[in-house]
Amino acid sequence: MNKNKKYLSVRREINIINWLGLYTLYLKEVKRFTSVFLQTVTAPMITTLLFVIVFSIAIDRTAGIKGVTYISFLIPGLMMMSVLQNAFANTSSAFMTAKVTGSIVDLLLAPLGSVEIFTAHNLAGITRGIIVFFASFILLLILGITTLPVHYIWTIIFLIFGGFALSCIGMIAGIWAQKFDQLAIVSNFIVQPLAFLSGTFYSIERLPEFLKPIAYSNPFFYLIDGFRYGFLGISDISPYISLIILLGFNFILGYSAWYVLNSGYRLKS
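For the sequence shown, my numbering assigns the number -18 to the initial residue and increments by one for each residue that follows.
As structure tokens, this is what we get:
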């Protein structure tokens, strides 16, 4: 009896938010992608470097946009595009793999609410995006291809916003998809086209007038343009406008991802 009382006395109470569970799930997701570091971090870093090398060879080095060389203009867009793709891949693959292997049951039975699961997976997605960014940035900095950001705060803000947005999209896609083919559809026909057509490789000012409204309707444009402002101090629109638009965009995405997760859609059946 005394032994039982001893165990009861040290039993931990779970509050409204299970902080320990949230942190544990976050660590589990981080370890999941760091266990295949070559695939999740090294590969995107090399891809970014290859893009820079190819464009350096193909484009006249004297060519410039907004007072900087084309390669300098290109690098922030490439790094942000890599962040977006990897944040999406992290959450989407986490849910897709859990459903395919059946381990989603363990997640649903754990003492974790939808808020904890949502937060842990998104933080892991943001973390992967940030690690990929720093890996690419440090490599390009060592090679003398890029320089330090002009506005650190803006760089960090848009880096986090980008990681969060694509983590939410990845979560929705991972829950919706029932097989990896469906997940590839979202990546190949939604995420990648939006990333490539967001001003990564060009300034919106160079587009014909009738195409500009289409470009401005692409939320990825505001992520890349704001990030480029943080890195180079140049942008097509004010970073404050991008920030306001992205606040609304991320709120809608965040609520939508949480709602789908909380509903149990294609998770409990």
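We put the beta carbon where it would ideally sit given N, CA and C, even for glycine.
Only a predicted model underlies this, so the values are computations on that prediction, with no experimental measurement involved.
Counting only residues of its own chain and dropping the five nearest sequence neighbours on each side, K249 has a CB closer than 8 Å to the CB of L89. Residue environment analysis places T181 among the buried positions, since at least 16 neighbouring C-beta atoms fall within 10 angstroms of its C-beta. Put simply, the backbone Cα of V96 is about 18 Å away from that of N71.
For R209, the enclosing alpha helix (DSSP H) has its first and last residue at 200 to 213.
Here G94 carries a coil assignment [DSSP, helix/strand/coil]. Taken through DSSP and simplified to helix, strand or coil, G151 comes out as helix. C-alpha of H132 to C-alpha of G211: approximately 5 Å in a straight line.
At least 7 Å separates the beta-carbon of L104 from that of Y4. Counting along the chain, D162 sits inside the alpha helix (DSSP H) bounded by residues 161 to 167.
DSSP, reduced to helix, strand and coil, places I85 within a helical segment of the structure shown. The distance from the Cβ of L30 to that of L175 is about 23 Å, inconsistent with a contact at the 8 Å cut-off. Taking 7 Å as the cut-off, the Cβ atoms of A158 and M26 do not count as close. Per DSSP, reduced to three states, the secondary structure at T50 is strand. Nearest in C-alpha terms to P220, of all of D41, I34, I134, is I134. As DSSP reads the structure, G45 sits in a beta bridge with T50. For I185 against D217, the beta-carbon gap comes to about 5 Å, under 8 Å, which counts as contact. Per DSSP, I(-3) is not a residue of any alpha helix (DSSP H), being assigned neither H nor E. Looking only at V113, T100, L1, the smallest Cα-Cα distance to L242 is reached by T100. Cα atoms of A238 and L65: separation of roughly 16 Å, rounded to the nearest angstrom. Distances from the CA of L234 to each of L147, I46, E190, F170 were compared; the closest alpha carbon is that of L147.
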